[in-house]
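Trainee: For what it's worth, the working numbering labels the leading residue of the sequence shown as 416, then goes sequentially.
The C-beta atom is built at its ideal place from N, Cα and C for all residues, glycine as well.
This is the structure I want to talk about, given as structure tokens.
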Amino acid sequence: AQGMESGATLFFEGDDQTTIDGELVIHGTGSEDFYNGGWYDVPGRWETSRSFPLSGCLAYQKHLTRTGGYRMMLGDAYAFDKSILQTIEHAPTGNEQINDYAGTTFLYSEKRPTCDISLPSQAERAVVDIKRIVFATWWNVPIPAFSFNNATLTKDVVKCEGQDVRFLSMRAHDGDWFGHHFISFTCELPAAGTYQISLDVVKGPAVGIVQLFQDEAPIGPAVDMYAAKHEKAQALLGTLTLPEGKSHLLFKITGKHEQSSGLGLDLVNIVCERID
């Protein structure tokens, strides 16, 4: 399955229903449980490819909003006499989001099904690479390195505009061994290209000035994240030409506003948007 909104796989949350011979007999919680992947996107569970005797995950890529599952219904096959209908909602409720489901089902019946079982054209079945890719740092983006001294990382939440906003919070003081305090993230891209790099942040009274670096050279503007009160914001940090696969994005805290009480960064998401 592939969603159209990067950074989440909410299509796992839609309900599934099975109607046999005109009677609703199963009402489950959707893809997450039908494919035995309940509590997906949690370390040690359905957050990467894994195989069990009768079910498994072919892949899980939240930033590309893609996954694939399988289930072999050997001891729990659904038996029917006249008809069987199985549906899975695409998104949390009522198919609220557009998603692309593709699958193969082996159906054993005495007579050929009367429903339309023709395939869409190859063009309609093509995988589409998302241009705007969201890496949810508030949840589980890999961090290969951050400041070697005088720095801490925590997860936190604040109220902004009446909503809970979760973020990765970095706090630093004095200096690092190699200069400015920094943090590096591993971001995996589906295709090589030129990408605009933006940050979804929580501005506040204890954060600093942040700048994107590559090969120890600043790439874009130094952006002041200070605000007297917490507020959500998006900041464009620069443009990079990046390869397909994994890249390390390096951000440094190069200073702070005169009214800021600390060297910090409260980061919700990294957004890589392809522009070529």
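How about residue 601 and residue 658: do their beta carbons lie closer than 8 angstroms?
Mentor: The answer is no: Cβ separation not under 8 angstroms.
Trainee: Measure the CB-CB distance between residue 621 and residue 675 and report whether it falls below 8 angstroms.
Mentor: Result yes, Cβ atoms of residue 621 and residue 675 sit closer than 8 angstroms.
Trainee: Hey, could you find the ends of the beta strand (DSSP E) residue 436 is sitting in?
Mentor: Careful: residue 436 lies outside any beta strand (DSSP E) and carries neither H nor E.
Trainee: Pick out the complete beta strand (DSSP E) segments inside the stretch 482-562, 3 residues or longer, and give them in chain order.
Mentor: Whole beta strand (DSSP E) segments, 3+ residues: 499-503 and 547-550.
Trainee: Which class does residue 447 belong to by DSSP, given the choice of helix, strand or coil?
Mentor: Here residue 447 sits in helix by DSSP.
Trainee: So for residue 469, helix, strand or coil by DSSP?
Mentor: Coil, per DSSP.
Trainee: For residue 668, list the residues DSSP reports as bridge partners.
Mentor: According to DSSP, which records beta bridges pairwise, residue 668 is partnered with 596 and 625.
Trainee: Check residue 428 in the structure and name its three-state DSSP category.
Mentor: Of the three classes helix, strand and coil, the one that applies to residue 428 here is helix, per DSSP.
Trainee: When you compare only the Cα positions, how much space is there between residue 610 and residue 537?
Mentor: The alpha-carbon atoms of residue 610 and residue 537 are separated by roughly 29 angstroms.
Trainee: Excluding sequence positions up to five away, which residues of its chain have a Cβ less than 6 angstroms from the Cβ of residue 588?
Mentor: Hits under 6 angstroms: 565.
Trainee: Mind the definition here: the stretch 642-655 touches the stretch 513-524 only if three or more C-beta pairs lie below 8 angstroms; say whether that holds.
Mentor: Flag = no, the stretch 642-655 and the stretch 513-524 do not touch.
Trainee: Excluding sequence positions up to five away, which residues of its chain have a Cβ less than 6 angstroms from the Cβ of residue 553?
Mentor: Answer for residue 553: 581, 582, 583 and 683, listed in chain order.
Trainee: Enumerate in chain order the residues of its own chain whose CB-to-CB distance from residue 528 is below 8 angstroms, with the five nearest sequence positions on each side excluded.
Mentor: Here the set comprises 522.
Trainee: Can you pull the DSSP bridge partners for residue 440?
Mentor: None; residue 440 has no bridge partner.
Trainee: Verify whether the separation of the beta carbon atoms of residue 421 and residue 479 is less than 8 angstroms.
Mentor: It is a contact, given that the beta carbons lie within the stated cut-off.
Trainee: Leaving out five residues on either side along the sequence, give the residues of the same chain with a beta carbon under 8 angstroms from the beta carbon of residue 457.
Mentor: Closer than 8 angstroms at the Cβ level, and outside the excluded window around residue 457, lies no residue.
Trainee: Quick check on DSSP: helix, strand or coil for residue 570?
Mentor: In this structure, residue 570 counts as strand in the three-state DSSP scheme.
Trainee: Take residue 423 as the anchor and find which of 513, 642, 569 and 549 has the nearest alpha-carbon.
Mentor: Of the candidates 513, 642, 569 and 549, the one whose C-alpha sits nearest the C-alpha of residue 423 is 549.
Trainee: Thinking just about the alpha-carbon of each residue, which of 416, 495, 440 and 445 is nearest to the one in residue 477?
Mentor: Minimum Cα distance to residue 477 is reached at 416.
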